[in-house]
Structures are given as C-alpha cells and as structure tokens.
DNA sequence: GTTGTAGTGGAAAGCGCTTTCGGAAGCGCT
DNA sequence: AGCGCTTCCGAAAGCGCTTTCCACTACAAC
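Residue numbers (UniProt numbering), protein chains in the order written: chain A, 1 to 345; chain B, 1 to 345.
Pasting the structure below:
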C-alpha cells in the first residue's frame, strides 16, 4: 500500500545538506533562499528523481498546480477541440487537467465547480455558454468569487456574464459574416436553426445574423432546439414542416448544421442547389464532408490555450477578456438560390 | 488563503454525535461500524454538505478516488467518445477524471503514466493501441506492475499485450464483416488504407479483412500512414497515384475514411458509383454526411464505461478482459462495383 | 456468573509538505 | 567594537484524514 522507494523532500534535503524548510523553499520558488543554494537543491532533487507529492502540497499549501475543466460533453467536437487546446497548453506548463461534464445543466455545472473547488485545484476553466438570465448565473458567480478569494484562478470560455477572466470568440461577427455571405448570394428568405435562446452564444450569433439580414430586408424564420446534432434535426424538420419557403438555412453551430444536412438528404432536398446551408464553428469534420460546409470558424483549440494562459498570469487584478477573431470559410454548401425552386406557388 | 467555512470530518462527527474515528469509518466504508450508524453519519454529512478533502485522504490513505485517463488526442472523435464514456461512468461513481495526452508517442505515454502514478490516482486507464513490438511495451508494463503492486488499478482499452485488465473491441470481427460486405457486393480489387502496421488495432483489423479477402480470392493493396484524417488523405492519394484499379477502399478507421472521402471528392471520383468506401468505428459524424459512411461500429463510449467498471471491482486477482462486439452498419458509401469504371484499358 | 464478540469512543501517530517564528550569521554603518 | 539591519536557515506547528491501539459497554452464548 505504501510506496516503498518514494523520494521525499527530506531525502532531498539530507542529500543536499540543508534543512527541510530550505529544501521546500528552494523547490517551490519561495523567497528566503539564495539563488545558488536553490539551484543546488534543485539539481540534487533532479538527480534523485524527486517528484513532489501533490497531496501533501495540497494539504499544506492550499491549492495545487492542476486545472479543473468543465465542459458540457466531451463527445461534442466543439468541446473536444477546446479541451485539446487546454490539455496541450497545460502540459507545457506541467499542470494536470481534470475534466468534468456539466451536461448542459446549470445545476450540474455548479455542482461540478463545487467539486473542483473542494479538490483544491489551482484553476478552474469553464467552457460553454452562460445564461443571459442573471438569476441562473448568480450561484455560480458567488461560488467563483469565494474560490477566487481563496487564491483560485478562474477563466471562462465563451460566456461573458461573469466577473472573471474570459476568452471570447467573435460570435456576433461570425453571425454577421455568414449573413453577409448569404445576402451577397441573393438569398431573401432564410431559416435560422438556433439552440436555446437564453444562451449567450446563441443570442450573440443571432444578433449578428439578424442585424445584417434586417438591414438587407431579408426575411428570417427562427426555430430553437437543443444546441446539438439532434436539435439540428428537430429544428430543420420544424422549419420544413412549417412550409417556410426559405432558400437557405443557417444553423447556429456546426453540430446543428450536420443535423440539418442529414434531414435535407433524407428528404431529397439537394444542397446547395435547392437549399444552402451554413454553420458556425468549423469543427474539423465539416471540411471533409460532401458538400463541404460553409461556416464561420471559431478558433476552439486556441480558446482553450488562451484560457490556460489567463489562469497563469500572476497579477490578480481585475478580470481581463481576450477576444479572438472569426473567419468566414466558404465551401460548397452555399450558393445563389435557384429561381423556381422553393416557390410553392 | 485558508477556506473559512469548509466542513471537515470532525464537524460531521460532532454533528452526528460520534467520534472522529467512527465518522471516518462510516464515510470510507470501512468495517467496524453498524450499517445504521454509518447511514446516519452519511446523512448528516450530506446535510452539512461535507465533501472530503482529497488531499488529506491522499496523504493518509495512499491512493485517491480519481481516474487518470491517457488518450492520444482528445480532439480525435474516437478518443473523445471513449473519454465521454469514462467521464460519465466515473461521475456516477463519484470519481474525478484526469485526462492527459500521449500524442501517439510511446515515450510520452510512459511519461504520462508516471506522472499519474505520482499523483496517487486510484486507477489508470490507457486508451489506444499498443505496439506489437514487445520491447516498446516493456517499460510501460513494468511501470504498471509497480503501480499495481501498490494497490493501483489499471485498465487498458483496445490493447492486449499488457498483463492488465483490458476492454477489447472486436477488431478482427469488424474487419471480417466489412470484407464480407464488400465481397458480397462483388468487389474483386480492394485498397486498404491502414494506419501504422505495428499497432495492434491496425493489425487486428487488417487480419480480419485479409482473411476474408484471401479466401474469396480478392486482390488487396495496402498502404500505411498515420492513423488520422491526414493519414487517410495521404494513403488514398498514394493508392490512387499508384494507379491501382481498385473498386473499393477500406480505411482502417473512420478518421482515415473521412480523409479518403475528401480526396475522392477533390478528384471528382464519385462515391459509391465509381468507388466504394468503408471505415471502422462509426464515430458520430459519419452517419450524417453524404454519402453516409458504411462502417463497422465499435462501441467507444461503452468501452470507456466498461474500463471504469473494471477498475472498480474489488478482487485484485488475475487480469480480466472484456470483449465487446461490433456491428456492421451499411450506409450509402458502398455499392456493387460498376462495370466499365476503373478499368484503365 | 464467566467468557466472548461486536460496536463504539478516545487518543494519538503519521502521510509529506508549506509556513511561521525565532535565532544565527553576515553586512555596513557609526 | 558595537549597533541595527538584512539574509538565510532550522525547528516545529499544523493541513484533514486514515489507522491503530486500547478501553469500554452491551448483549448474547456458554
């Protein structure tokens, strides 16, 4: 049960001919040790293959060099790619990453954060939209505030209603770009397949889309379902069943776009000939499918990396936000509307 | 720095009117407490919102209730879906999951495992193929043996050359099913786009494919590249550039199949009219694309769940292996070869 | 009435580390 | 030489938990 040959800090101290306290100060970069002595101790530690015991550190010191990452569902490519960025950047910094699922449920999300706090992780990164309803965010906000008061570092990805460091993709701009692209192609009636309307990501993308469409006098019809492939299927079916004669469908993320594509294929509606389809995110796979999806690229892995970088900075001053750009990626799923199609009469 | 209102075990003990020792026994399921008293203590603990301090436990007890999961790259849907299964099952059991990247590198993989061992995680799950070259696996095997000797639980997913609990998909069967399907459609010349040949997953799938093709007198041509979408692109290009007049391409996993589909689309080769394409895995997205991919389903999430289940069993007897089935999923990317196509002369 | 035998309480010893505290040593200054 | 000052170091006190070792109470079995 006990590890037999584990080198402890006392062993290092003995080998280096210093006291335990000095060894500790040398290892954890504390002050009170001369640089040369510290260097010497660290050299000895390396030679002995010493690896600090995380739990002893956690018990004695408070927080540990570990990142807690909350995503909704790691099976979702959007979160998988963000996580990949987090893990890569964290590894470069010698930090381990604990991932938990919030399952798109605010209650579960709060529970996961609490669990992470109790594990004494040094930083918490929350990925995924927040609710625009402040009441739903309040408990989370409080929990995070308490955690930060204790020295914890927090960063959120893609949500901006919390008073913490944030990495924000350009959702509004992404929506605008997609809309401009469609307007440029000549579409006049567009269906918007959205996720839950109280998510800030959905709202922002919708704002971008509608601002452009409204100015161009393009009619839009919006349906709202789960922010997943299944939601895309439901939304597209609803749109089609309602008999809206739209010439293009914008899904609020690529997962929904994939669902839309599937429904259109099953119904024998050709893309882009009879219906243009666009998404948002540019998850890896949508570049390879036929027709390759027109979408607005959100730099997911980079968002993950930046979030880790935010938790690393020393100064604990006021919340900072990093805004990342987007990029319109035009592929084959969009084209000018064909006259004669989609006009029921 | 110190958490002010953290409920500790002594608090629970006081509230329940029992001693610290009894409370500890009640919480960690040890013997020496009546079930009713234990239940009472746990109820009080719940009411107080008590969450045990992981680090104190880790320090005192040896290993902690946490799972270390090693995958190659979480951005890869295959690993993302496995991870999803692991996280869900672990959460149901109150365990946290630490994910690290091995980046398809045996050296890195070993380093990750060592790091996890030092973190005193209670179990380690390694996902991803092993090398059939025993020399490459030896260091890992030794490290795991030491860890197990200390009470650590280990499970591997999809590799069978280690003396530990394993969850194994039916790779051979999957290969056979795909081959039978293609033989049944009348294909006589098939290209195999494989990953690295020293990975047991690749070998097993290849064995299944070739055994059936050989018996049916079908000619095969194999190329080997990275086990990723990019590898699929390279492999398909190599196959096509070599002028092999195959009527079907089997990619050894869906990621490679996606790459193959992309190359074929770029070259204007129609699927399945001019070329049938099949994959293995059935990652979520391949059901939605056009043409929907014919593939052999490997139950990834279930593999993740089973791996966690394996680490949970009490008896530390000899290695157990759980073999899961596969399922041929015929979609639109395969059809009978068209006479006249692909015959250069 | 004596002996077991669970179940429980109390006390205490760590687990390996960080950190506080006070002392020792080295420095420049008067 | 004497003073205060800064540096650096060693001893020791925990961090919250698991465990072990007894002691003690019931209550059943002999």
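All residues carry an ideal CB built from backbone N, CA and C; glycine is no exception. Because the structure is a prediction, the values reported are computed rather than measured.
Tell me whether residue i is buried or exposed, calling it buried when 16 or more other Cβ atoms sit within 10 Å of its Cβ.
| i | result |
| --- | --- |
| residue 320 (chain A) | exposed |
| residue 264 (chain A) | buried |
| residue 343 (chain A) | Residue placement at residue 343 (chain A) is flagged as unreliable, the pLDDT there being 46, under the threshold of 50; a coordinate-derived value is accordingly withheld. |
| residue 333 (chain A) | buried |
| residue 184 (chain B) | exposed |
| residue 10 (chain A) | exposed |
| residue 93 (chain A) | exposed |
| residue 107 (chain B) | exposed |
| residue 6 (chain A) | exposed |
| residue 259 (chain B) | buried |
| residue 215 (chain B) | exposed |
| residue 45 (chain A) | buried |
| residue 49 (chain B) | exposed |
| residue 293 (chain B) | buried |
Quick one: grab the DSSP three-state call for residue i.
| i | result |
| --- | --- |
| residue 338 (chain A) | coil |
| residue 1 (chain B) | Low confidence applies here, because residue 1 (chain B) scores a pLDDT of 38, under 50, leaving its location unreliable; read the following figure in that light. DSSP places residue 1 (chain B) in coil when its eight states are reduced to three. |
| residue 100 (chain B) | strand |
| residue 372 (chain A) | A question about residue 372 (chain A) goes unanswered here, because the residues of chain A that appear run from 1 up to 345. |
| residue 33 (chain A) | coil |
| residue 69 (chain B) | strand |
| residue 357 (chain B) | No statement about residue 357 (chain B) is possible, as the shown extent of chain B runs from 1 to 345 and does not include it. |
| residue 178 (chain A) | helix |
| residue 216 (chain A) | coil |
| residue 107 (chain A) | helix |
| residue 346 (chain B) | Chain B is shown from 1 up to 345; residue 346 (chain B) falls before or after that span and cannot be answered. |
| residue 318 (chain A) | coil |
| residue 302 (chain A) | helix |
| residue 199 (chain B) | strand |
| residue 311 (chain B) | helix |
| residue 44 (chain B) | helix |
| residue 290 (chain A) | strand |
| residue 211 (chain B) | helix |
| residue 19 (chain A) | coil |
Taking residue i as part of the beta strand (DSSP E), name the residues at either end of that continuous run.
| i | result |
| --- | --- |
| residue 221 (chain B) | 219-224 |
| residue 193 (chain A) | 189-194 |
| residue 167 (chain A) | 165-168 |
| residue 276 (chain A) | 276-281 |
| residue 297 (chain A) | 294-297 |
| residue 74 (chain B) | First-last for residue 74 (chain B): undefined, no H or E at that position. |
| residue 271 (chain A) | Unbroken run through residue 271 (chain A): none, as it is neither H nor E. |
| residue 153 (chain B) | 153-157 |
Starting from residue i, find everything on chain A with Cβ-Cβ shorter than 8 Å and list it in chain order.
| i | result |
| --- | --- |
| residue 100 (chain B) | 87, 91, 96 and 97 |
| residue 54 (chain B) | 55, 58, 118, 119 and 120 |
| residue 261 (chain B) | 288, 289 and 290 |
| residue 51 (chain B) | 114, 115 and 118 |
| residue 47 (chain B) | Chain A residues near residue 47 (chain B): none, gap ~16 Å exceeds 8 Å. |
Which residues in chain B sit within 8 Å of residue i, going by Cβ to Cβ distance?
| i | result |
| --- | --- |
| residue 225 (chain A) | What residue 225 (chain A) touches in chain B: nothing, since even the nearest Cβ is about 16 Å away. |
| residue 159 (chain A) | Those within 8 Å of residue 159 (chain A) in chain B number zero; the least Cβ separation is about 21 Å. |
Over what stretch of residues does the alpha helix (DSSP H) that includes residue i continue unbroken?
| i | result |
| --- | --- |
| residue 86 (chain B) | 77-92 |
| residue 331 (chain B) | Unbroken run through residue 331 (chain B): none, as it is neither H nor E. |
| residue 354 (chain B) | The structure shown has nothing for residue 354 (chain B), since chain B only spans 1 to 345. |
| residue 233 (chain A) | 229-241 |
| residue 357 (chain B) | The first residue shown for chain B is 1 and the last is 345, placing residue 357 (chain B) beyond what the model contains. |
| residue 14 (chain B) | 9-16 |
Below 9 Å on C-beta distance, what does residue i contact in chain B?
| i | result |
| --- | --- |
| residue 77 (chain A) | 75, 77, 80, 284 and 285 |
Starting from the beta carbon of residue i, find every residue of chain A whose beta carbon is closer than 7 Å, and list them in chain order.
| i | result |
| --- | --- |
| residue 258 (chain B) | 285 and 288 |
| residue 265 (chain B) | 290 |
Along chain B, in chain order, which residues have C-beta atoms closer than 7 Å to that of residue i?
| i | result |
| --- | --- |
| residue 269 (chain A) | None at all; the shortest Cβ gap to chain B is about 12 Å. |
Cβ closer than 9 Å: which chain A residues qualify as neighbours of residue i?
| i | result |
| --- | --- |
| residue 83 (chain B) | 74, 75, 80, 83 and 99 |
Practice item. Report yes or no: do the stretch 301-314 of chain B and the stretch 87-102 of chain B share at least 3 C-beta pairs separated by less than 8 Å? Key: yes
Review point. With a cut-off of 8 Å, do at least 3 Cβ pairs link the stretch 238-246 of chain A to the stretch 281-296 of chain A?
Key: no
Practice item. Would you check if the stretch 53-63 of chain A and the stretch 117-124 of chain A touch, i.e. whether three or more CB-CB distances between them fall below 8 Å? Key: yes
Check your understanding: Taking one C-beta from the stretch 230-237 of chain B and one from the stretch 176-190 of chain B each time, how about it: are there three or more such pairs within less than 8 Å?
Key -> At 8 Å Cβ cutoff, the stretches do not touch.
Review point. Just checking, does the stretch 247-256 of chain B make contact with the stretch 215-233 of chain B on the three C-beta pairs under 8 Å criterion?
Key: yes
Check your understanding: Taking contact to mean at least 3 C-beta pairs separated by less than 8 Å, is the stretch 203-210 of chain B in contact with the stretch 167-175 of chain B?
Key -> yes
Check your understanding: Contact between the stretch 95-103 of chain B and the stretch 68-86 of chain B: three or more CB pairs below 8 Å?
Key -> yes
Review point. Would the stretch 26-41 of chain A and the stretch 24-36 of chain B be scored as touching if the rule is three or more Cβ pairs under 8 Å?
Key: no
Practice item. Specify whether the stretch 123-138 of chain B and the stretch 151-160 of chain B touch according to this definition: at least 3 beta carbon pairs, one from each stretch, less than 8 Å apart. Key: yes
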